[in-house]
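Each residue of the sequence shown is one higher than the one before, counting from 15 in our numbering.
Note that the Cβ used here is the ideal one computed from N, Cα and C, for glycine as well.
From a predicted model like this one, the values you see are computed outputs, not experimental measurements.
The next block holds one structure in the form of structure tokens; read it before the comments.
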Amino acid sequence: HVPAQAPAAARRLLAGLTRADQAAERGALLAAAARIATSGATGDDAQLNREVDAATAGLGRHAYDALGHLAAGAGCAPERRIAIVNQLLMEACAELPDQPTPTTTDPATGELTFELDERLAAHTEHVPLILQALAHIGRSPACQGEVLTRIIERLVQQWRLVASWRLIWGPGNVHELARTLALLAEGRDFPGPLRIRVVEALAPQVQQLPVARALARMLTLGDGPYLARLAGRIAEDLVRLAAR
15 HVPAQAPAAA RRLLAGLTRA DQAAERGALL AAAARIATSG ATGDDAQLNR
65 EVDAATAGLG RHAYDALGHL AAGAGCAPER RIAIVNQLLM EACAELPDQP
115 TPTTTDPATG ELTFELDERL AAHTEHVPLI LQALAHIGRS PACQGEVLTR
165 IIERLVQQWR LVASWRLIWG PGNVHELART LALLAEGRDF PGPLRIRVVE
215 ALAPQVQQLP VARALARMLT LGDGPYLARL AGRIAEDLVR LAAR
């Protein structure tokens with residue numbers, strides 16, 4: 015669409031929400047509208063941004079993609095951007111039920127069945143979507159400074175919890191968290207002190223291949239004597255692991 019048509023295209027997508035039967039379909043339409051609204055093709059159309067934002071209410075996980083685009087957009091109000099970031103971080107880092115997994119036993123066969131907590135299952139499914147949205151926000155030129163620092167500090171804190179088994183996440187989500195931190199920290203304009211925090215957090219888990227790959231990407235871009243020393247220690251750890 016040419017710029018003059020972009021707002022109309024976004025509003026047609028929003029109008030389609032009322033005809034979509036499935037939440038996933040509404041989420042896809044909303045994400046497409048958010049991409050158009052924040053692409054720069056609509057100019058500084060604050061009203062369109064508000065319309066898209068309002069449509070995210072009640073969509074739950076299906077709104078994560080749209081929220082990521084909205085908060086990454088230059089036209090997002092700073093207070094709304096930090097509110098979206100805080101919402102996504104809160105949901106990604108939610109406290110999960112810390113209790114034994116209930117089981118049932120079939121009296122005829124003696125077969126044991128584990129009953130997964132629905133909240134735990136939903137959280138496991140939602141985490142990659144939330145991390146993807148946060149990565150999109152954190153890599154946006156509009157979202158530096160306080161917003162970026164907030165994302166990195168909270169995700170590093172969460173990484174330390176899951177990497178030390180003080181909080182149990184599935185392996186796939188643990189690796190996705192490492193990948194997200196690396197994706198954010200590997201940008202050439204990423205603040206050096208924050209990159210060091212990410213490297214220091216990930217380095218103790220270098221024996222995990224996804225973490226090693228994430229560290230390699232960051233260390234090839236980083237500079238400065240301290241980061242160079244960190245890279246040297248990580249390389250020594252890898253050599254020791256390979257020699258086992």
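DSSP assignment within the region 117-205 yields the following whole alpha helix (DSSP H) runs of 4 residues or more, N-terminal first: 132-152, 160-177 and 185-199. Under the rule that a run must span 3 or more residues, no beta strand (DSSP E) segment is found entirely inside the region 37-70.
Gln-222 carries a coil assignment under DSSP once its states are collapsed to helix, strand and coil. Under the 10 Å beta carbon count, Thr-123 is surrounded by fewer than 16 other beta carbons and is classified as exposed. Judged by DSSP in its simplified three-state form, Ala-34 adopts coil rather than helix or strand.
If you ignore the 5 residues before and after Asn-63, its C-beta comes within less than 6 Å of the C-beta of Ala-51 and Gly-89, all in its own chain and listed in chain order. Judged by beta-carbon spacing, Ala-47 lies beyond the 7 Å limit of Ala-29, meaning their Cβ atoms are not closer than that value. Beyond the five residues adjoining it in sequence on each side, Gln-221 comes within less than 6 Å, by CB distance, of Leu-255 in the same chain, given in chain order. Of the candidates Val-170, Leu-143 and Pro-121, Val-170 places its Cα closest to the Cα of Ala-215. Just so you know, the alpha carbons of Ala-108 and Arg-153 end up roughly 23 Å apart. The beta carbon of Asp-251 lies closer than 6 Å to those of Val-220 in the same chain, with the five residues before and after it left out. Excluding its 5 nearest sequence neighbours in each direction, Ile-98 has C-beta neighbours in its own chain below 7 Å: Leu-81, Leu-84 and Ala-85, listed in chain order. Going by beta carbons, Arg-164 and Ala-196 fall outside the 7 Å limit.
In the assembly as shown, Pro-21 is a buried residue. Its beta-carbon has 16 or more other beta-carbons within 10 Å.
By the 16-neighbour rule on beta-carbons within 10 angstroms, Gln-172 is buried. For Arg-231, the secondary structure class from DSSP, reduced to helix, strand or coil, is helix. Tyr-78 is a Cβ neighbour of Ala-147, given a cutoff of 7 Å. In this structure, Gly-246 and Gly-206 do not form a Cβ contact; the two beta carbons are roughly 17 Å apart against a cut-off of 8 Å. The three-state reading of DSSP puts Arg-95 in helix, counting H, G and I together.
Around the beta carbon of Ala-149, 16 or more other beta carbons sit within 10 angstroms, so the residue counts as buried. In the three-state DSSP reduction, Ala-22 falls in the helix class (H, G or I). In the three-state scheme derived from DSSP, where H, G and I count as helix and E and B as strand, Gly-82 is classed as helix.
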